[in-house]
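Residue numbering for the sequence shown follows our numbering, starting at 24 and increasing by one per position.
Cβ coordinates follow ideal geometry from the N, Cα and C atoms, glycine included.
Contents: one structure, followed by commentary.
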Amino acid sequence: MDWIYVIMVGAIAGWLAGNLFKGGGFGLIGNIIVGIVGGFIGFWLMGQLGVSLGNGVISTILTSVIGAGVLLFIASLFKK
């Protein structure tokens, strides 16, 4: 059940990050995949920095959006 939650949150985060970084996205499916991977990156990055945005679904989505945004930014450097 946790994997379904991670995929759903990652999909939402990828969609949000794709909308925030206009022109840096990879289409709906690509952004969802980037969001799922970015969610893991976001949680790892926040853990390394010692930053916590709180508990709950909203903080999980925000952390995933940050990770997806970082991943979209890095990917857009190689996309060109």
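Nearest C-alpha to residue 102 among 87, 70, 49 and 91: 49. Shown here, residue 78 sits in coil according to DSSP, grouped into three states, outside any helix or strand. Exclusion of the five residues before and after residue 34 leaves 55, 58 and 59 as the residues of its chain whose Cβ lies within less than 8 Å of its Cβ. The Cβ-Cβ distance between residue 90 and residue 52 does not fall below 7 Å.
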